Amino acid sequence: MRTENPYESVMDWIRKNQGNVAAIGLAKLILSLWSDDAAYSVRECMRLLNDVQTEWAWKMITHCLRQGDDNYLNVIGPEVCRLYPSLSKMGIAGSAAKREFERKHVKEICSPTTAIRHCIICESVVQPHGTGYSCSKCNVLLMGNAVEVRY
Ligand SMILES: [Zn+2]
């Protein structure tokens, strides 16, 4: 069964309106759907779209969530990169920066800020200290495995 291609009519419009802010937003959305490596926020992609363009965006998002990376998306993704090389470079730079931040801060990202850590010896609340935690009651430094996390 042939599925509808929601991208081609949008791509036609982008080709004819390359400098338009809505075309840039739609191009960012296509890049984001096509590649994790060049992802923009939904808000950034859609904030300058009118009602008709917003409808196009929802159709593309819905189609992508249902079909994943299909041939249609794999054709227009590279075309958007050729039309807007700076947008793809900026998307790649942003995604790389987020991955680098995540690599450095994985512990904080994975632990909600509401997590409270307790000393496993005396059960007092501990404070971050260097790469571990300090318990002021026991007057010791504890590594992560000597700390109990409660929410
Ligand atoms: Zn303690």
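In our numbering, the protein residues as written are -15 to 135. Where a beta carbon is used, it is the ideal one built from N, C-alpha and C, also for glycine. Predicted, not measured: the structure shown is a model, and the values here were computed from it.
Secondary structure note for Arg101: its beta strand (DSSP E) is the uninterrupted segment 100 to 103.
When the five nearest sequence neighbours on each side are left out, the beta carbons in the same chain lying within less than 8 angstroms of the beta carbon of Ile60 are those of Tyr(-9), Glu(-8), Met(-5), Ile14, Trp18, in order along the chain. Taking the CA atoms as reference points, Arg31 sits about 15 angstroms from Ile45. Counting along the chain, Tyr56 sits inside the alpha helix (DSSP H) bounded by residues 55 to 67. Proximity of the beta carbon of Ile105 to ligand 1 is indicated: a heavy atom of the ligand is located closer than 7 angstroms. Scanning its chain for C-beta atoms nearer than 6 angstroms, with the 5 sequence neighbours on each side dropped, one finds around Cys29 the residues Gly9, Lys12, Leu13, in chain order. Burial state of Ser70 is exposed, judged by a 10 Å Cβ sphere holding fewer than 16 other Cβ atoms. Judged by DSSP in its simplified three-state form, Gly116 adopts strand.
Pairing Glu132 with Ile104, the inter-Cα distance amounts to about 6 angstroms.
With a cut-off of 7 angstroms, the C-beta of Ser118 is classified as distant from ligand 1, since no heavy atom of the ligand falls inside that distance. Straight-line spacing of the CA atoms in Met127 and Val109 works out to 14 angstroms.
Under DSSP, Val131 shares a beta bridge with Cys103. Setting aside the 5 residues that flank it on each side, Tyr68 is surrounded in the same chain by Ala11, each with a C-beta closer than 6 angstroms to its C-beta; the list follows chain order.
Measuring C-alpha to C-alpha distances from Ala7 to each of Gln37, Ala23, Ala22 identifies Gln37 as the nearest.
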